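Residue numbers (UniProt numbering): 1 to 798.
This report refers to the structure that appears directly beneath it.
Right under this line is the structure:
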């Protein structure tokens, strides 16, 4: 059974023929899990009851093909082979022949798609264009590779295929700038058509076949030994290629077949995002690791130092876990973990350049200069002086391309307000000078970025121009570089970019990064509320409450204030704020109910707490927020246990709701351990705590992990297992220091100080707890400190 979407729409090997159910299957297969309510509104926007419409479509699908559609009561997803997914894998693997074989026509071409809404139609057409553009770029890139080794006839044929991709929009001026020399070099019959199309953009395609061939011929030479070694690696091997800037690491990777992943900064997992698209928002670090470990192929990871920190951390853990894929990394430094093989690139030798008389003497074998020498350029002038020799428009284009992690010529043309002829001339200067690849990729980008950073006014001006074109979260790094140049008309877009970036960081599980980014954002009520929510999730409760101080008192603000006041040990204020939020929208009401339930629990009214937790859980489930839903179910289970009821089943429900969210599973399992401890089941409590510790470690939840080890230490402490208690407390202390939550750090330090009899450490712990502002915790540990002092005095007197 296979879903066919390219050139039509059908589910091969099934009797399912209705267009709407087939389209629903297609959407879920390509986009991943989505809430039922969202799907109903997307597919049946005009229906009086979209929920009923989606239910009918689901029933039709399951009657025809029982096993392909899955759900968890809130979301739906599909899992079946699909030609579009196979096509995308072929494109990523740089397999143009396979990609063209799979591409039997435009996405959903000739399908009977009746009565679909504008949003669904927009998705379908956008998907159609993106798949066609991906095929066009694959063909054009392959054509450039063919030309580089002198196969100009084959190169021209691939360009012709790129021009005629079904479903693709009209080629852009940037396409013709790259395609025309290839058609000219291969003496293609489409050359005249290309010249006519280019003329529509005021572009002049001149020159001879020989001049075009001279420009296109291979500039990558040497490295035969390294290429032979890298092209015949067994699966699962990790190879580290070390070399200084300009020694050809990136060029070497581009000669290999595999998934090229340039190092990128920005959002967490920016570098690995192409490998993680399907799971990035579905789970935590452990799920991402499992997903990567199961993939096959060859990953070409370029420039370790430029990667975002989260991708580097994930790769480090993945190295110890092992992979099916072959992983090749480049860096200027030594590997931070053991690798199977390593290679160090230096200058090319005279022997490697024997086919190019004079090349070694002129360039000393430095790859960054060799390309220029092969194009008969001078190599004596340093890079920065060469840049100064360019015309102003070429300098500006070069600087703008330097700012981008990946080349985007249409974006840069719009940002610089260039017309097509101006762009063509500037590109010609850069190509002739060996500054860029035909695709627009900057050669020696690290050095180019350092030169640009030394010209902060130019860098800020270009960053602002690019940011205005990019929009969304992707614009934030450019807005940050250009802060001094913002104008009044930029502020709305700036705020939107901060909001989009922070929301995505929160979804990926990095609340502290979101809060840090929002600290410098232009202040608005919505951004302040978002920052407060990020601080709350990061455990910085006092700062979160302070952020809300000047905001208008609406339901959302009241709900968050209630949660924060409860966490800071201010029950009366917490109840006041929570009750004020009950008339708000579903999210505010759910937050308020959870806070009121926490207060009931604290006062011993477990029956009322359980009812409110149940109401909050229903709302979070309706909103499709699985993490909050599972968290409240966990609280409900704790309330049932405190009321003297058997809560094992309730905790099992909470664990089931948590699904693959290891952080929530860890918290729930920790609470289960506390329940078992209270009823005297020490062995069961230890087992739960140990399991929770492993889950929290896998999830990267430092504060939860610290709490688990602290609970385990306290259990051992009460049982007079002194060495075990000290080990657990020390583990908790290490984790709490990394987590940064002051009240947690103080409680762990106090427990360890009590165990070891260290009065000075206990006083420091009390100071930390007092700083947190949690009155309840302060009172509790002040009393424990007095009891500790009394015991110490009695021990001294004895």
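All C-beta atoms, glycine included, are put in the ideal place defined by N, C-alpha and C.
As the structure is a prediction and not an experimental result, all values here were calculated from the model.
To the nearest angstrom, report how far apart residue 596 and residue 574 are at their CA atoms.
As a first step, residue 596 must be located in the chain shown, where it is residue number 596. As a first step, residue 574 must be located in the chain shown, where it is residue number 574. Distance between the alpha carbons of residue 596 and residue 574 is about 8 Å.
Going by DSSP, name the residue or residues bridged to residue 82.
Within the chain shown, residue 82 is the residue found at index 82, counting from 1. The partner list for residue 82 (beta bridge, DSSP) reads 3.
Does the Cβ-Cβ distance between residue 168 and residue 133 come in under 8 Å?
Position 168 of the chain shown, counted from the first residue, corresponds to residue 168. Position 133 of the chain shown, counted from the first residue, corresponds to residue 133. Taking a C-beta distance under 8 Å as the contact criterion, residue 168 and residue 133 qualify as a contact pair.
Measuring CA to CA, which of 190, 714, 488 and 81 is closest to residue 733?
Locating residue 733 in the chain shown gives position 733, counting from the first residue. For residue 733, the nearest C-alpha among the options comes from 714.
Helix, strand or coil: which one does DSSP assign to residue 344?
The count along the chain shown starts at 1 and reaches residue 344 at position 344. Strand, per DSSP.
Going by DSSP in three states, residue 799 sits in which element: helix, strand or coil?
In the structure as shown, the chain begins at 1 and stops at 798. Residue 799 is therefore absent and cannot be evaluated.
Inter-residue Cα distance where the pair is residue 718 and residue 513:
Translated into the one-based positions of the chain shown, residue 718 becomes position 718. Translated into the one-based positions of the chain shown, residue 513 becomes position 513. Whole-angstrom Cα-Cα distance: 38 Å.
Does residue 94 pass the burial test, meaning 16 or more other C-beta atoms within 10 Å, or should it be called exposed?
For this step, residue 94 is matched to residue 94 along the chain shown. Residue environment: residue 94 is assigned as buried (16 or more neighbouring CB atoms within 10 Å of its CB, all protein chains considered).
What is the residue span of the beta strand (DSSP E) that residue 328 lies within?
If you number the chain shown from 1, residue 328 lands on position 328. 326-331 is the extent of the beta strand (DSSP E) around residue 328.
What does a CB cutoff of less than 7 Å around residue 533 pick up in its chain, not counting 5 residues either side in sequence?
If you number the chain shown from 1, residue 533 lands on position 533. Scanning its chain for C-beta atoms nearer than 7 Å, with the 5 sequence neighbours on each side dropped, one finds around residue 533 the residues 560, in chain order.
So residue 216 and residue 166 are in contact, right, with Cβ under 8 Å, and what is the actual spacing, rounded?
Taking the chain shown and counting its residues from 1, the one referred to as residue 216 is at position 216. Taking the chain shown and counting its residues from 1, the one referred to as residue 166 is at position 166. The C-beta separation of residue 216 from residue 166 comes to about 27 Å, leaving the pair out of contact by the 8 Å criterion.
On the CB-based measure, 16 or more other CB atoms within 10 Å of its CB, does residue 171 come out buried or exposed?
Looking up residue 171 in the chain shown gives position 171. Classification of residue 171: buried, given that the 10 Å Cβ count is 16 or more.
What number of angstroms, rounded off, separates the C-alpha of residue 541 from the C-alpha of residue 580?
Reading the chain shown from its first residue, position 541 is the one you call residue 541. Reading the chain shown from its first residue, position 580 is the one you call residue 580. Each residue's Cα considered, the two are about 20 Å apart.
Go ahead and label residue 321 buried or exposed: buried means 16 or more other beta carbons lie within 10 angstroms of its beta carbon, across all protein chains shown.
Numbered from 1 along the chain shown, position 321 holds the residue referred to as residue 321. Residue environment: residue 321 is assigned as exposed (fewer than 16 neighbouring CB atoms within 10 Å of its CB, all protein chains considered).
According to DSSP, which residues form a beta bridge with residue 107?
Here the question's residue 107 lines up with position 107 in the chain shown. According to DSSP, which records beta bridges pairwise, residue 107 is partnered with 6.
Here's the rule I'm using: 16 or more other beta-carbon atoms within 10 Å means buried, otherwise exposed. How should residue 210 be labelled?
As a first step, residue 210 is located in the chain shown; it is residue number 210 there, counting from the start. Within 10 angstroms of the beta-carbon of residue 210 lie fewer than 16 other beta-carbons, which makes it exposed.
Close beta carbons around residue 348, own chain, < 6 Å, minus the five adjacent residues each side
In the chain shown, the residue the question calls residue 348 occupies position 348. Within the same chain, Cβ atoms closer than 6 Å to the Cβ of residue 348 are found at 222 and 365, the five residues on either side in sequence being excluded.
What would DSSP say about residue 518, mapped onto helix, strand or coil?
For the purposes of this step, residue 518 is taken as residue 518 along the chain shown, with counting starting at 1. Three-state DSSP puts residue 518 in a helix.
Distance between beta carbons of residue 654 and residue 633, contact taken as under 8 Å
Residue mapping note: residue 633 aligns to position 633 of the chain shown, counting from 1. Residue mapping note: residue 654 aligns to position 654 of the chain shown, counting from 1. For a cut-off of 8 Å, the C-beta gap from residue 633 to residue 654 is around 4 Å, short enough to register as a contact.
Can you find the residues in the same chain that come closer than 6 Å, C-beta to C-beta, to residue 353, ignoring five residues on each side of it along the sequence?
Residue numbering aside, residue 353 sits at position 353 when the chain shown is read from its first letter. Once the five neighbours on either side are set aside, the close Cβ partners of residue 353 are 359 and 360.
With DSSP collapsed to three states, give me the class of residue 449.
As a working mapping, residue 449 is identified with position 449 in the chain shown. Three-state DSSP puts residue 449 in a helix.
Report the residue from 344, 419, 665 and 96 whose alpha carbon sits nearest the alpha carbon of residue 694.
The residue given as residue 694 occupies position 694 in the chain shown. Of the candidates 344, 419, 665 and 96, 665 places its Cα closest to the Cα of residue 694.
Look at the alpha carbon of residue 263 and the alpha carbon of residue 463, and state the distance between them as a whole number of angstroms.
Locating residue 263 in the chain shown gives position 263, where the first residue counts as 1. Locating residue 463 in the chain shown gives position 463, where the first residue counts as 1. One C-alpha to the other measures close to 19 Å.
Rounded straight-line distance, which links the Cα of residue 791 to that of residue 278:
Here residue 278 refers to the residue found at position 278 when the chain shown is read from its first residue. Here residue 791 refers to the residue found at position 791 when the chain shown is read from its first residue. Rounded to the nearest whole angstrom, the C-alpha separation of residue 278 and residue 791 is 58 Å.
Under the three-state reduction of DSSP, which class applies to residue 501: helix, strand or coil?
The residue labelled residue 501 in the question sits at position 501 within the chain shown. DSSP places residue 501 in helix when its eight states are reduced to three.
Could you check if residue 18 is buried or exposed, using at least 16 other CB atoms within 10 Å of its CB as the buried criterion?
In the chain shown, residue 18 corresponds to position 18, counting from 1. Exposed, since its Cβ has fewer than 16 Cβ neighbours within 10 Å.
Just verifying my parser: in three-state terms, what is the DSSP assignment at residue 381?
The sequence position of residue 381 within the chain shown is 381, counting from 1. Bear in mind that the predicted position of residue 381 carries a pLDDT of just 43, short of 50, making it unreliable; the figure below should be weighed with that in mind. Residue 381 falls in the coil class under three-state DSSP.
Under DSSP, the beta strand (DSSP E) around residue 70 begins and ends at which residues?
Along the chain shown, one-based indexing puts residue 70 at 70. For residue 70, the enclosing beta strand (DSSP E) stretches over residues 69-71.
Measuring straight from C-alpha to C-alpha, what distance separates residue 687 and residue 635?
Translated into the one-based positions of the chain shown, residue 687 becomes position 687. Translated into the one-based positions of the chain shown, residue 635 becomes position 635. When rounded, the distance between both Cα atoms is 20 Å.
In this structure, does DSSP put residue 799 in helix, strand or coil?
Given that the chain is displayed from residue 1 to residue 798, the structure contains no residue 799 and the question cannot be resolved.
State the CB to CB distance for the pair residue 302 and residue 237, rounded to an integer number of angstroms; the pair is presumed to be in contact (CB under 8 Å).
As a first step, residue 302 is located in the chain shown; it is residue number 302 there, counting from the start. As a first step, residue 237 is located in the chain shown; it is residue number 237 there, counting from the start. Actually they are not in contact, since the Cβ atoms of residue 302 and residue 237 sit about 17 Å apart, beyond 8 Å.
Starting from the C-beta of residue 318, find all residues in its chain whose C-beta is less than 7 Å away, skip the five residues before and the five after it, and write them out in chain order.
Translated into positions along the chain shown, residue 318 becomes position 318. Around residue 318: 289, 292 and 293.
Contact set for residue 28: own chain, Cβ-Cβ below 7 Å, skip 5 residues either direction
Taking the chain shown and counting its residues from 1, one reaches residue 28 at position 28. If we look at residue 28 and ignore the five residues flanking it on each side, its Cβ neighbours are 34, 76, 77 and 78.
With a floor of 4 residues, list each alpha helix (DSSP H) that falls wholly inside the segment 715-758, ordered by position along the chain.
Those alpha helix (DSSP H) runs which fall completely within the segment 715-758 and span 4+ residues are 722-739 and 742-756.
Return the CA-CA distance between residue 52 and residue 64, expressed in angstroms with no decimal places.
As a first step, residue 52 must be located in the chain shown, where it is residue number 52. As a first step, residue 64 must be located in the chain shown, where it is residue number 64. Residue 52 and residue 64: Cα-Cα distance of roughly 19 Å.
Are residue 152 and residue 186 closer than 8 Å when you measure CB to CB?
Taking the first residue of the chain shown as 1, we reach residue 152 at position 152. Taking the first residue of the chain shown as 1, we reach residue 186 at position 186. Yes, they are a contact pair.
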